[in-house]
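Asker:
In the numbering used here, the protein residues as written are -17 to 164.
1) Going by Cα to Cα distance, which pick from 82, 15, 116, 40 is closest to residue 131?
2) Roughly how far, in whole angstroms, is the beta-carbon of residue 5 from the beta-carbon of residue 41, given that I think they are within contact range, below 8 Å?
3) By DSSP, does residue 66 sit in helix, in strand, or in coil?
4) For residue 20, name the three-state secondary structure that DSSP assigns.
5) Provide the residue span of the alpha helix (DSSP H) that contains residue 127, from first to last.
6) For residue 56, which of helix, strand or coil comes out of DSSP?
7) Taking just the CA atoms, how far does residue 35 sit from residue 70?
8) Would you identify the three-state DSSP class for residue 3, choosing helix, strand or coil?
9) Measure the C-alpha to C-alpha separation of residue 104 and residue 110 and round it to an integer number of angstroms.
10) Cβ atoms of residue 57 and residue 87: under 8 Å apart, would you say?
11) Work out the CA separation of residue 157 and residue 150 for me, nearest whole Å.
12) Of all the options 62, 48, 12, which has the alpha carbon lying nearest to the alpha carbon of residue 38?
13) Is residue 92 closer than 8 Å to residue 125 when the C-beta atoms are compared?
14) Using alpha carbons as the reference points, say which of 78, 95, 107 lies closest to residue 47.
15) Do the CB positions of residue 59 and residue 72 come within less than 8 Å of each other?
16) What do you reckon, are the CB atoms on residue 129 and residue 89 nearer than 8 Å?
17) Provide the residue(s) that pair with residue 107 in DSSP beta bridges, ordered along the chain.
18) With H, G and I counted as helix, E and B as strand and the rest as coil, what does DSSP make of residue 47?
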């Protein structure tokens, strides 16, 4: 019993918000909305669950702003956030997740990285300096290219699953398709 109280105190200390706009507040809002969704009708449950998922995304954004997640010195917080947003968008619009989040995730990650550089503290559009504009364009176009390659991967896999005779063909001269042997 004592261990349970120690655990609850530990969770309370972690989730106690230090300020109103923090990841803890958004996470507690998410949990509250999901708990409220349990006792509602189907339409209300869907709305509350969607709001809860948006609160989870906001909590993740605040958390990644406080503690950037880095792999080999590169911040991957935008990618993590974009995957959550892409899953939410795909599930909301099409009712299933499928491959769409993988395709739109690089585009969302680019927008997450670019928008703060185009908006000032008063939420007005600002024109970045030429060096920043070049970096923004390179970032945007590289993410568009990555998104196209991911879509191309899913298209090739679809073709190979619907037309099995393509698997037996020789792609050794192809610049796009590489057959990987296991």
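Yeah, the Cβ is synthetic: ideal placement off N, Cα and C, and Gly gets one too.
Answerer: If we stick to the structure as given:
1) 82
2) 5 Å
3) Here residue 66 sits in helix by DSSP.
4) coil
5) 112 to 144
6) In the structure shown, residue 56 falls within a strand segment according to DSSP collapsed to helix, strand and coil.
7) 8 Å
8) coil
9) 15 Å
10) No.
11) 17 Å
12) 12
13) yes
14) 95
15) The answer is no: Cβ separation not under 8 Å.
16) yes
17) Paired residues: 101.
18) In the structure shown, residue 47 sits in a helix (DSSP, three-state: H, G or I).
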